[in-house]
Amino acid sequence: MGPITPDLADAIESLVDTPILLIALDFDGTLAPLVNRPEDARPLPAASEALAKLAALENTVTALISGRDLASLRAVGKPPERTLLVGSHGTERWAPEIFGAEDEHIDLSGSQTVALAKATGILEAISAANPGTTLEYKPASIVLHVRQAAPEVATAALRAAHEQLDGIENLQALDGKAVLEASVLVGTKGDGLNWLREVADASTVFFAGDDVTDEDAFAALRPGDIGVKIGSGKSRAQFRLNGPGELPALLESILDMRSL
44 MGPITPDLAD AIESLVDTPI LLIALDFDGT LAPLVNRPED ARPLPAASEA
94 LAKLAALENT VTALISGRDL ASLRAVGKPP ERTLLVGSHG TERWAPEIFG
144 AEDEHIDLSG SQTVALAKAT GILEAISAAN PGTTLEYKPA SIVLHVRQAA
194 PEVATAALRA AHEQLDGIEN LQALDGKAVL EASVLVGTKG DGLNWLREVA
244 DASTVFFAGD DVTDEDAFAA LRPGDIGVKI GSGKSRAQFR LNGPGELPAL
294 LESILDMRSL
């Protein structure tokens with residue numbers, strides 16, 4: 044399948060007349076290829092360049108929406124200055140001053156701090172017992188990565204994590220691609236996308252994502268919006284690309300439409 048099917052091309056053409064377009068992108072697996080170490084991720088240069096050009100257009104708002112915390116997202120993504128940011132699965136939010144929006148920052152309660160400490164201890168023990176697994180520490184969560192582990196080890200580690208984390212108050216376990224994230228904040232990328240839509244006063248939303256957690260954002264799309272799934276797997280998105288390498292051509296197509 045090519046990067047842009049006829050149906051997707053028709054949908055992109057419809058964006059030429061929308062008053063305010065919000066272009067929201069997941070980061071890992073969408074704007075940037077998946078890598079073994081989260082800190083090594085970088086956006087594809089062509090995708091980053093297209094995003095910067097889109098951010099500079101009038102009546103076009105760009106945003107990144109990620110499971111990463113905002114500090115990590117800024118460090119690896121280096122987003123354009125006017126790009127809105129949503130991190131930690133919708134619970135962290137930032138917008139440039141020109142949007143007049145109130146930011147959301149992480150401020151854990153005592154009970155949340157206790158829950159995070161319990162989850163961290165559990166996942167540290169599981170990771171130590173399962174070769175090839177690694178941990179990622181975030182302000183409000185702890186993430187178990189199993190991509191580098193043997194399949195049977197990965198399965199056992201994820202099963203043990205679910206079993207041992209179950210029942211911890213103020214904690215939710217989020218499954219992703221070869222990861223399990225134990226978070227003390229409750230939020231979804233759908234919540235984040237709804238906030239972005241409101242802040243941007245968007246008439247139409249374009250969203251692209253690759254992971255299980257992106258399905259909440261696809262579910263928040265409305266008639267006339269465009270959802271693009273990156274990669275394989277069941278999805279609510281209307282359209283699909285094979286991988287991050289096909290995204291730059293799609294962003295360039297949107298840029299051409301919005302520049303008319």
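Letter by letter, the sequence shown follows residues 44 to 303 in the working numbering. In this text, a Cβ means the ideal position worked out from N, Cα and C, and glycines have one as well.
For the beta strand (DSSP E) that contains residue i, what are its first and last residues?
{"i": "L187", "result": "184 to 188"}
{"i": "K161", "result": "No beta strand (DSSP E) holds K161; the alpha helix (DSSP H) holding it covers 153 to 172."}
{"i": "L178", "result": "177 to 181"}
{"i": "L284", "result": "282 to 284"}
{"i": "T105", "result": "103 to 108"}
{"i": "I63", "result": "Segment: none, I63 is in no beta strand (DSSP E) and carries neither H nor E."}
{"i": "F217", "result": "The question names Phe, but residue 217 is Leu in the sequence shown. Counting along the chain, the beta strand (DSSP E) containing L217 begins and ends at 215 to 219."}
By a C-beta neighbour count over all protein chains shown, 10 Å radius and 16 as the cutoff for buried, is residue i buried or exposed?
{"i": "S57", "result": "exposed"}
{"i": "L51", "result": "buried"}
{"i": "H132", "result": "buried"}
{"i": "E60", "result": "In the sequence as displayed, the identity of residue 60 is Asp instead of Glu. Exposed, because fewer than 16 other Cβ atoms sit within 10 Å of the Cβ of D60."}
{"i": "N213", "result": "buried"}
{"i": "G235", "result": "buried"}
{"i": "V271", "result": "buried"}
{"i": "P287", "result": "buried"}
{"i": "V229", "result": "exposed"}
{"i": "S170", "result": "buried"}
{"i": "S302", "result": "exposed"}
{"i": "P174", "result": "exposed"}
{"i": "R136", "result": "buried"}
{"i": "R111", "result": "buried"}
{"i": "P194", "result": "exposed"}
{"i": "D268", "result": "buried"}
Can you name the start and end residues of the alpha helix (DSSP H) that residue i belongs to?
{"i": "G252", "result": "No alpha helix (DSSP H) contains G252, which is instead part of the beta strand (DSSP E) from 247 to 252."}
{"i": "G130", "result": "Careful: G130 lies outside any alpha helix (DSSP H), inside the beta strand (DSSP E) at 127 to 130."}
{"i": "R136", "result": "Not the alpha helix (DSSP H): R136 falls in the beta strand (DSSP E), residues 135 to 137."}
{"i": "S91", "result": "88 to 98"}
{"i": "E195", "result": "194 to 208"}
Please check the pair residue i and residue j, which I expect to be a contact at CB under 8 Å, by giving their CB distance rounded to whole angstroms.
{"i": "L94", "j": "T103", "result": "At roughly 11 Å, the Cβ-Cβ gap does not stay under 8 Å, so L94 and T103 are not in contact."}
{"i": "A260", "j": "I108", "result": "7 Å"}
{"i": "T198", "j": "H188", "result": "With a Cβ gap of about 14 Å, T198 and H188 do not count as contacting."}
{"i": "G72", "j": "D218", "result": "Contact flag wrong, Cβ pair sits at about 14 Å."}
{"i": "S31", "j": "I63", "result": "No statement about residue 31 is possible, as the shown extent of the chain runs from 44 to 303 and does not include it."}
{"i": "L293", "j": "I47", "result": "6 Å"}
{"i": "F250", "j": "L264", "result": "6 Å"}
{"i": "L223", "j": "A162", "result": "At roughly 10 Å, the Cβ-Cβ gap does not stay under 8 Å, so L223 and A162 are not in contact."}
Give every residue of the same chain whose Cβ lies closer than 7 Å to the Cβ of residue i, excluding the five residues on either side of it in the sequence, and list them in chain order.
{"i": "M44", "result": "The pLDDT assigned to M44 is 41, lower than 50, so where the model puts this residue is not dependable; a value taken from the coordinates is nonetheless given after this. N285."}
{"i": "N79", "result": "R190, Q191"}
{"i": "R240", "result": "L65, V248"}
{"i": "D257", "result": "D69, K232"}
{"i": "H148", "result": "E135"}
{"i": "L166", "result": "L178, I185, L187, A204, A225"}
{"i": "P182", "result": "D112, I149"}
Could you pull out every residue in the same chain whose Cβ sits closer than 6 Å to the Cβ of residue i, ignoring the five residues on either side in sequence?
{"i": "L74", "result": "L68, P86, A90"}
{"i": "R117", "result": "none"}
Name the DSSP bridge partner or partners of residue i?
{"i": "W238", "result": "Per DSSP, none; premise fails for W238."}
{"i": "L223", "result": "L187, D218"}
{"i": "K272", "result": "G252, R283"}
{"i": "E147", "result": "R136"}
{"i": "A75", "result": "D71"}
For residue i, I'd like the list of residues in its chain whose CB is within less than 8 Å of its CB, leaving aside the five on either flank, ordered along the chain.
{"i": "S154", "result": "E212, N213"}
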